[in-house]
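Peer 1:
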Amino acid sequence: MKQGAVADRHVHPATVPLRLLKEAPSTLLGLPAAFAYVSDVGWATVLSFAGLVAIVTILVNWMVWRRFRYGLGAGEVVIESGLLQRTRRSIPFERIQDVDIERGPLQRLFGLAKVRIETGGGVKDEGLLDSVTMAEADRLRAVIRAGKGEAPCDEDEQRPQPTGRLVFAMDAGRVFVSGLFNFSLLWIAGLFALLQAVEDWLPFDIYDPGRWVGLVDQRFAGRFSTGAILAVLLMALLLGVVTGVARTLSRDYGFRLTLEGERFRRERGLFTRTEAVIPRRRVQLARLQTGPLRHFLGWFQLYFQTLSAGRDGGGHQAVAPLANEGEVARILEEQGGYYVPPSSELTRVSSRHLVRAMLRTVAPPLAAILVLAMLFPLGWALLAALPPLVIVALLERRFHRYGLVGDLLFVRRSVWRQQLWIVPVAKVQSLRLSRSWLQRRLGLATLAVDTAGAPAINAPRIVDVSEGRARDLADEIAARLRSQDSGRKSGTDK
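Printed below as a string of structure tokens:
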């Protein structure tokens, strides 16, 4: 163990009441059982028992706080925790990918922050300091950035104001517009969560679909009309829009992206204010996303994939939730050498891609409709839904393009969820060539590009290029990568 790696600091004492306040809402779910119990034993017994539980809970939380310690050594963060079984965790600075600072409503009330230390591994909350002062949070981030131990600073010291240059920001109106695109049916999950809490008082079992149908037949028989059905669908749509706007406002309110030297700093959040630092050298690729309506209105979403396994989409950090073309170009320029290429610089995949697109998009619905039509004559009416699917399948090749321009690889895909990956050749970790049974018959192949920290899904893939072209492209990327590596080595030798 390195000298000086001693866990000699506690998180803020306010951690104890904060934790109790966070757990308080869950105790409300036990009120129905408590009221039922009162009728049997009386209020005095219930209140005595509740007081005993409260004392034990406070004592346990205080002991957990007392036994939790952390410290900074000459090259590592040390965290010790546990009541009966003590755990000592050592996180070397070189393994730390990011240090996030998060401030929930209660933490902001107490002037505290949560520090989350993220590493390249997939372990959730490998380093989590629940509540520290803002001065201490800034000190931790500064020491870890410097990669060496420093003397603790005064926790009462005022936090310095950021001196970064503003790159992108969203006002409340922009955030509201972004929320309109983020349609969500989360309210349905919330409704069922509420039903679970009160299911003992309901006249039916919420997990019995037959009972739901019977209840509807009993109470609403003969009341359904085309207008009523449309009204219900409109209400569901409206709730979905409201939920999407609420979620987006909560997450992205006050969005700011600044550049401080070689790092981007992102701040956002209405109730929980989060702050993340994105070092430019750790950005593995950029992903630009839009859709038919968004693109028509000139709006885009921009993400950076980092080395962090993090909480924001598996290392995908949103740097512009809703930006126009000029704002996207500015952010990419600040990253260094990134840009959005014109379509003329990109090449379409093979025309034989249309065969697989038709089979994948049209064949399954067509088979289902044919089976349904054999059972129900009205099922033939569903054939009217096939022409839009055929159009989407025919458009897939138009939207699937790729290109290797200089030291950047571009991959564009999808009709509905239009995405453009911008991958520096220097960040490519591996290239994988695959061929399905049908692709082998058509002489096609898929080239998948892997970067450090890339998720298992939604990675850049060039689908359905001729086998020879796929091999040539892979060889060309590998050759440029070797050339860059040899150039760096020769520069180091000098």
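Residue numbers 707 to 1200, in our numbering, belong to the letters of the sequence shown in order. For glycine and all other residues, C-beta sits at the position ideal for the given N, C-alpha and C.
Starting from the Cα of ASN888, find the closest Cα among THR839, MET876 and VAL951 and give me that residue.
Peer 2: Closest by alpha carbon: VAL951.
Peer 1: On the DSSP bridge assignment, give the partners of GLU981 in chain order.
Peer 2: DSSP output for GLU981 lists ILE807 and GLU973 as bridge partner(s).
Peer 1: Any heavy atom of the ligand ADP inside 8 Å of the beta-carbon of ILE761?
Peer 2: This structure does not include the ligand ADP; it has no bound ligands of any sort.
Peer 1: What are the boundary residues of the alpha helix (DSSP H) that includes HIS716?
Peer 2: Careful: HIS716 lies outside any alpha helix (DSSP H) and carries neither H nor E.
Peer 1: With a 10 Å radius around its C-beta and 16 neighbouring C-beta atoms as the bar for buried, classify VAL1134 as buried or exposed.
Peer 2: It is buried - the Cβ of VAL1134 has at least 16 other Cβ atoms within 10 Å.
Peer 1: Exposed or buried, which one is ASP714 when buried takes at least 16 other CB atoms within 10 Å?
Peer 2: Label assigned to ASP714: exposed.
Peer 1: Between GLU824 and VAL873, what straight-line distance do the alpha-carbon atoms span, to the nearest angstrom?
Peer 2: Approximately 25 Å, taken between the alpha carbons.
Peer 1: If I measure Cβ to Cβ from ASP836 and keep anything under 7 Å in the same chain, skipping five residues before and after, which residues do I get?
Peer 2: So the list reads VAL717, THR721 and LYS820, once near-sequence residues are dropped.
Peer 1: What separation, rounded to the nearest whole angstrom, lies between the Cα atoms of LEU1148 and LEU1139?
Peer 2: Roughly 15 Å between the two C-alpha positions.
Peer 1: Let me make sure I understand the geometry here. Which of MET876, GLY757 and VAL947 has the alpha-carbon closest to that of ARG974?
Peer 2: If we check each option's Cα against that of ARG974, MET876 comes out closest.
Peer 1: Spatial neighbours of ILE797 within its chain, please: CB distance less than 7 Å, with the 5 preceding and 5 following residues excluded, ordered by chain position.
Peer 2: Hits under 7 Å: GLU782, VAL783, ILE823, THR825, GLU832 and GLY833.
Peer 1: Measure the CB-CB distance between VAL1068 and VAL1096 and report whether it falls below 9 Å.
Peer 2: Contact: yes.
Peer 1: Locate the alpha helix (DSSP H) running through GLU842, then write down its first and last residues.
Peer 2: Unbroken alpha helix (DSSP H) run through GLU842: 840 to 852.
Peer 1: Is it buried or exposed for LEU765, if we count other Cβ within 10 angstroms and need 16 for buried?
Peer 2: Classification of LEU765: exposed, given that the 10 Å Cβ count is below 16.
Peer 1: Taking the continuous beta strand (DSSP E) assigned at THR1152, which residues delimit it?
Peer 2: Segment 1150 to 1157, the beta strand (DSSP E) holding THR1152.
Peer 1: For LEU1110, I'd like the list of residues in its chain whose CB is within less than 7 Å of its CB, leaving aside the five on either flank, ordered along the chain.
Peer 2: Correct list, in chain order: LEU1179, GLU1182 and ILE1183.
Peer 1: Just the C-alpha distance for ALA1026 and TYR1009, rounded to the nearest angstrom, thanks.
Peer 2: Rounded to the nearest angstrom, the two C-alpha atoms are 7 Å apart.
Peer 1: Going by other Cβ atoms of all chains shown within 10 Å of its Cβ, with 16 needed for buried, is GLN791 buried or exposed?
Peer 2: So GLN791 ends up on the exposed side.
Peer 1: Roughly how many angstroms lie between the CA atoms of LEU1092 and PRO1071, to the nearest whole one?
Peer 2: Cα-Cα distance, rounded: 8 Å.
Peer 1: If you follow the beta strand (DSSP E) that ALA1029 is part of, which residue opens it and which one closes it?
Peer 2: Residues 1022 to 1029.
Peer 1: Which partner residues does ALA875 have in the DSSP bridge list?
Peer 2: Beta-bridge pairing links ALA875 to ARG962.
Peer 1: According to DSSP, is ARG801 part of a helix, a strand, or is it coil?
Peer 2: Reduced to three states, the DSSP call for ARG801 is helix.
Peer 1: Have a look at the DSSP bridge pairing and note the partners of ARG1167.
Peer 2: ALA1154.
Peer 1: If you follow the beta strand (DSSP E) that PHE1082 is in, where does it begin and where does it stop?
Peer 2: Element bounds for PHE1082: n/a, residue is neither H nor E.
Peer 1: From the DSSP output, in three-state form, read off ALA1074 for me.
Peer 2: In this structure, ALA1074 counts as helix in the three-state DSSP scheme.
Peer 1: Residues in its own chain within less than 6 Å of GLU966 by CB, not counting five upstream and five downstream?
Peer 2: Contacts found: GLY870.
Peer 1: Is it true that the CB of ARG1062 sits closer than 9 Å to the CB of LEU1144?
Peer 2: It is a contact, given that the beta carbons lie within the stated cut-off.
Peer 1: Which of the three DSSP states, helix, strand or coil, is assigned to GLY885?
Peer 2: Correct three-state label for GLY885: helix.
Peer 1: Please report how far the alpha carbon of PHE816 lies from the alpha carbon of VAL1117, in whole angstroms.
Peer 2: Cα-Cα distance, rounded: 47 Å.
Peer 1: Near ARG725, what residues of its chain come up, given a Cβ to Cβ distance below 6 Å and the 5 sequence neighbours on each side ignored?
Peer 2: Cβ within range, chain order: ASN767.
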